[in-house]
Every structure is written in structure tokens, then in C-alpha cells.
Amino acid sequence: MSVDLESQLQDAVKTRRTFAIISHPDAGKTTLTEKLLLYGGAIHLAGSVKSRRAARHATSDWMKLEQERGISVTSSVMQFMYEGYHINLLDTPGHEDFSEDTYRTLVAADSAVMLLDNRKGVEDRTRQLFAVCKRRRMPIFTFVNKCDRVGEDPLKLLSDVEADLEIACHPITWPIHKDGAFVGVYDRRQKQVHLFERGEHHGATRATVAISSLHDAELREVLGAESQEKLIQDISLLDAAGHPFDEQAFITGELSPVFFGSALTNFGVEPFLREFLELAPPPAPREVTGIAAGIVNPTDEQFTGFVFKIQANMDPKHRDRVAFVRIASGRFEAGMQVKHVRTGKMIRLASPQQFMARERTAVEEAWPGDVIGVMDRGNLRIGDSLSETNDIEFSGIPRFAPEHFARIVLLDPMKRKQLDAGLRQLTEEGAAQVFFTSGTDTVSPTPIVGAVGELQFDVMLHRLEHEYGALCKLERIAARYPRWVVGPMREIERIARDRGRMLLWDAKGSPLILFEDAWGLRWALEREKDVAFHEVAP
Ligand code: G4P
18 MSVDLESQLQ DAVKTRRTFA IISHPDAGKT TLTEKLLLYG GAIHLAGSVK SRRAARHATS
78 DWMKLEQERG ISVTSSVMQF MYEGYHINLL DTPGHEDFSE DTYRTLVAAD SAVMLLDNRK
138 GVEDRTRQLF AVCKRRRMPI FTFVNKCDRV GEDPLKLLSD VEADLEIACH PITWPIHKDG
198 AFVGVYDRRQ KQVHLFERGE HHGATRATVA ISSLHDAELR EVLGAESQEK LIQDISLLDA
258 AGHPFDEQAF ITGELSPVFF GSALTNFGVE PFLREFLELA PPPAPREVTG IAAGIVNPTD
318 EQFTGFVFKI QANMDPKHRD RVAFVRIASG RFEAGMQVKH VRTGKMIRLA SPQQFMARER
378 TAVEEAWPGD VIGVMDRGNL RIGDSLSETN DIEFSGIPRF APEHFARIVL LDPMKRKQLD
438 AGLRQLTEEG AAQVFFTSGT DTVSPTPIVG AVGELQFDVM LHRLEHEYGA LCKLERIAAR
498 YPRWVVGPMR EIERIARDRG RMLLWDAKGS PLILFEDAWG LRWALEREKD VAFHEVAP
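For the sequence shown, the positions run 18 to 555 when my numbering is used.
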């Protein structure tokens, strides 16, 4: 490798941070994203993030959402600079547009920020997304939001997080209260107190008090004796009984550094961003299989990457598809030929683009950690590996268990072929998962489709009708607790027959059982030891 490229790669990797925010709806992800973008100088973006939120609140109707899609799609990844770092913030769609894409995006990230509402702590969606991060052993930061208003006792909140998610918490900042109101945070690493002063228009100002000790007289003056005493007690409790910061445990997702702040008033966001950039890992080596199996290092000269998301119909006039590629190693250059490992063909990645909220810009070059969108005519699939020369394969993107199931009923029996073609295409794009009621017969008269988010069903019906001419309706299936099952077939059939559960096969021929409710699932998990149950396709 030329010395030049080597040092360029090293610099690029060192300064790249690629992450995603995981949260339950309404915890403040849009607000925090907006504030982070503002620090990156992308001020003009703030409005577009807001208008997305407005769109979201205004409608749950997919047709209208489709009109807004130009906005939501192009912000799939937001790139911004801050103090010499190139930050890629991957969007994890929430609310109605929550789908398998939300999970898949996490596979393209190197770390995650778990955003919690200070009154609600861990909620359902947080738990689901956290499980994906945990499985990948990803470093996870925690940002406890909305501290401008009084929330759950922070010690209780963190002990709930630890018990619920089985992760150790290490607070880096700690909230300070005075007369029942939030007055600031103490930064345990910097040994500074940041005072919170509510400003106009949801803003806040920050006054920083550098202290040599928590017993400082100056601190007593601003906080008052009672608050100072409480802070001293809290911090000595954390020092003595809390988890010390352990770099290795953090990198493997077993310990989460915690920050307290308020995205809305912009308090605690910048200190968080600074520490995040220092602690968050740059793009990491990734394991690959195939002829050149082993480890791909981001600083390897060869370009490699993988497709983690495919977006159809970004522009209804052009019917184009965009495949999102996360670069794992080497330098990407516009116009370069790469090997499409699954088919063995050399392909040119067409019109590579980077996405900055509303704007798509042509990419001349991109580096490990970056995400580029390439135009695709239906050759690329989710999980596909791309490589300059070597036949390597990234471990792929798991298929996640859907939460909703429905039978697809074709309204015009003459359109059978169109329906099959449409479902095949939607499955390849990862927009739908199709299931069959037999392990051998994959042409069922009424295929069953699964979706992670409700909106996915609307999108399926709309696209089957408008792109394939197959007008369909859905018959919903009540059971929504699926598990892929591995074990002796007679055992699997017995568990499925019990209580008349559904036994289904996915497009790859792997069986799964649909459980009627969480209780039924738990019961089977506890009792059935001859069969292994998996949340992602084995
Ligand atoms: P989401 O993307 O995670 O769904 O959350 P979003 O940012 O849309 O925030 C959800 C609500 O929480 C919004 O209020 C937002 O203003 C509020 N919020 C976000 N961060 C903070 C914070 O630090 N403190 C407080 N007190 N509130 C916060 P809304 O009433 O739904 O919308 P809006 O009318 O304020 O726009």
C-alpha cells in the first residue's frame, strides 16, 4: 500500500464515529438529533428534522408519509463534523415507520446511544433495540433526557436499567437538585459542575464551575449547604459502591457510561458529545467468511463493504432503488468496480451519494465507517458483501422476528404471478418477510407475511397494487410472539400442536412457531429443553 493511502486510511479511521440512537418514541430522539446536528454546524438541517416530526405527528397515513419520504429517506444517515471528527449518525426510524430497517441499521453502527426519558426509564422499544446491540456486543452510551423537569430518582432509575437490561451503569455526569428543582450536573471525569439556567425559548445557559473538591466553599455558595451535602453523599456512594469505569467492559457492551441532560433546553448535550467522541470506538475490525475468511481491518487497503438497507421508490418518478452500503475497509472512489461476492460479478457502484438530511450529494470518495447510497436496478440484496478483489462475506444481517402477522389474500385470482413476483422482490429488499404453512410447498394460496412495524403492511399492500398490479387485502393473525425453532421435528410439531399454535416456515425453509401470547412463550421457553428457540433466524 502506498504510504500516502496508508496514512490517509489511518487518519480517516481514527476520526470516524458511526453510531445510532436507540430509544422509545417520545424520549426525545428527534430533539437530540437536531441538537447534535446544530453542533456540527449543520444549522440548516434543524428545520428538516423538525418538519419530519411535524409530518409524523400530523399523519399515520402512509400515502402522506410517502410524500414526506424525500425527507425521511434522505436522512437515513446524517453526516457532520465536530472538532475534527467525521460523525455518521445513522437514523433508526421509530413511531409508525419502525420496521426491520430500524434493527438492521444497528448492524452498520459501531456504537449506540440509548436515550431514556428520566420519568420512564427503559421502555419496550428501548428494550428491543438494546437486545440487538447487546447481541452484537456493541458499546452503548446512556443519555438520560428531560432532566430540566424532575424525574425518577437517578439512583433508582439506574438500578432499574441495570436490572432490566443486565448492563452495568457508570454515571459520568450526575444530576444536582435544589429545593426539588434541577440545577445542574456534576461531571465526575472533569471534576466540574455545570449549572443550569433556564433561558428563553426552551434554551438554557450553562455556567461552568471548576472545583478542586466537592467541599469547595464556592460550590456551597451556588448550591446551598443542603444540595452540596446531598451531592457529596451521592458521589461518595457512586465512588464506593458504583461500577468503576472499565474500558473493556464498555467496548463489549457490558458497561454503559451514563450522562444526564436535556435535549430540549440543550443542556448537557455538548459535554456529552465531547466525551462520546473521546470514548466511542472508531470503526472496528469485522469478521468475514468465504475464501479469504478472517478479519477485515478498516485500515486494509482493499475496499470492502456490505449492504444493510435498500430503499425503493425514493423518487416515485424514477422508480429507482438505493442500496445503502456501510464501508468496512479501504477507500471507496466514485466509479470504482467492485466484486459483488454473492454473484461473483464485477459491478460498478452507480451514482454513489451521501445523504445530508434533505440533500443528496455526489460522493467522490468515502472511508471506513461512512455510509454511501448507490443506485441499484435490483441486483443488490440486504446483507450482500462488496469487495475490491477478495471473496469475503460479512456475516450478514440477521432476519429479525416480526411482531405482526397477516395472511395476504389476493383479490383477483388472475394476478397470482404478479403477487409472487412482488412478494419475492419485497422479501429481497427486506420490506417483508414471507412465511408458508408447509416446509416443502413454498407456493401457498394465501402466503403469510410478517412485519416488524404496522406501517410495513400498508407499504406492502400499496406496492403490491401499484408496482405489481396485485390488489390484495390482509387478514390479520392475532398471535405475535414468533420464535425460530431448532430441534427434532416431532418435538417441534408437538409444541406447535399444543394449544393449536401455528407452525410456519420462512423463505429459507427454517421453521418457526407462533406463540399466542407472552405467557405461552415463556412457558414453552422454561419447559421445552429439546428445542432451541431463537429471536433472530438461525
Ligand atoms: P422522539 O423523536 O424520541 O419521538 O421525541 P421528540 O424529540 O419528538 O420529543 C418528544 C417530546 O419530548 C417533544 O414534546 C419534545 O419537545 C419533548 N422533549 C424532548 N427533549 C426534552 C427535554 O429535554 N425536556 C423536556 N421537558 N421535553 C423534551 P412534544 O410536546 O411532543 O412536541 P413539541 O410540541 O415540544 O414539539
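We put the beta carbon where it would ideally sit given N, CA and C, even for glycine.
Straight-line Cα distance separating residue j from residue i
i: Q25; j: R441; result: 42 Å
i: V476; j: A438; result: 16 Å
i: A280; j: F289; result: 11 Å
i: G201; j: V124; result: 35 Å
i: R152; j: V139; result: 18 Å
i: Q371; j: M431; result: 42 Å
i: L175; j: P261; result: 14 Å
i: K137; j: A37; result: 21 Å
i: A379; j: S368; result: 7 Å
i: D263; j: E287; result: 23 Å
i: T306; j: S346; result: 15 Å
i: D28; j: G241; result: 47 Å
i: D141; j: H41; result: 7 Å
i: L172; j: R205; result: 15 Å
i: N162; j: A44; result: 7 Å
i: V178; j: F474; result: 33 Å
i: L236; j: R34; result: 36 Å
i: D317; j: G352; result: 20 Å
i: I39; j: K46; result: 8 Å
Burial state of residue i, where buried means 16 or more other Cβ atoms lie within 10 Å
i: A257; result: exposed
i: M155; result: buried
i: W522; result: buried
i: V503; result: exposed
i: M80; result: In this prediction, M80 has a pLDDT of 43, which is less than 50 and means its spatial position is unreliable; nothing more can be read from the coordinates.
i: L248; result: buried
i: H74; result: Low per-residue confidence applies at H74: pLDDT is 42, beneath 50, and the placement is therefore not dependable enough to give any value.
i: D134; result: buried
i: S230; result: exposed
i: N314; result: buried
i: A310; result: exposed
i: L20; result: Note that residue 20 corresponds to Val in the displayed sequence, not to Leu. Exposed, by the Cβ-count rule.
i: A535; result: exposed
i: M363; result: exposed
i: L254; result: exposed
i: M131; result: buried
i: T143; result: buried
i: L428; result: exposed
i: N14; result: Here the chain has residues from 18 to 555 only, and residue 14 is not among them.
i: E510; result: exposed
i: P528; result: buried
i: D127; result: buried
Nearest neighbour of residue i, chosen from the options [CA to CA]
i: H551; options: P261, W501, A37; result: W501
i: T464; options: I425, F474, K432; result: Here residue 464 is Pro; the residue named in the question, Thr, does not match the sequence. Of the listed residues, the one whose Cα sits closest to P464 is I425.
i: L481; options: A449, I494, F160, I512; result: A449
i: I104; options: R511, D21, T122, K31; result: K31
i: T321; options: D251, L248, S412, D108; result: S412
i: I344; options: T143, E533, W384; result: W384
i: R433; options: A301, H421, A487; result: A487
i: D196; options: E246, V553, Q207, R511; result: E246
i: A418; options: E508, N396, G447, A554; result: A554
i: I512; options: L542, G57, R497; result: L542
i: E484; options: I399, A329, E508, E381; result: A329
i: K525; options: A129, E445, R34, L212; result: E445
i: P415; options: A148, G537, T406; result: A148
i: G447; options: E350, V339, E238, E533; result: V339
i: G400; options: D393, V324, R365, M353; result: V324
i: G57; options: I39, S93, Y102, T35; result: Y102
i: E183; options: A198, I157, K208; result: I157
i: L294; options: T109, S455, A129; result: A129
i: L366; options: E382, E381, V391, G537; result: V391
i: Q435; options: H232, L478, H112, W540; result: L478
i: G537; options: K546, L520, D547, D515; result: D515
Test item: CB-CB of residue i and residue j under 8 Å
i: P499; j: L531; result: yes
i: V355; j: L107; result: no
i: R348; j: L22; result: yes
i: V358; j: L403; result: yes
i: E420; j: V451; result: no
i: I4; j: A423; result: The first residue shown for the chain is 18 and the last is 555, placing residue 4 beyond what the model contains.
i: D165; j: F199; result: yes
i: P302; j: G386; result: no
i: F97; j: G278; result: no
Looking at C-beta atoms only, is the number of pairs between the stretch 180 to 198 and the stretch 226 to 235 that lie closer than 8 Å three or more?
-> no
Can we say the stretch 174 to 187 touches the stretch 272 to 279, given the rule of at least three CB pairs closer than 8 Å?
-> yes
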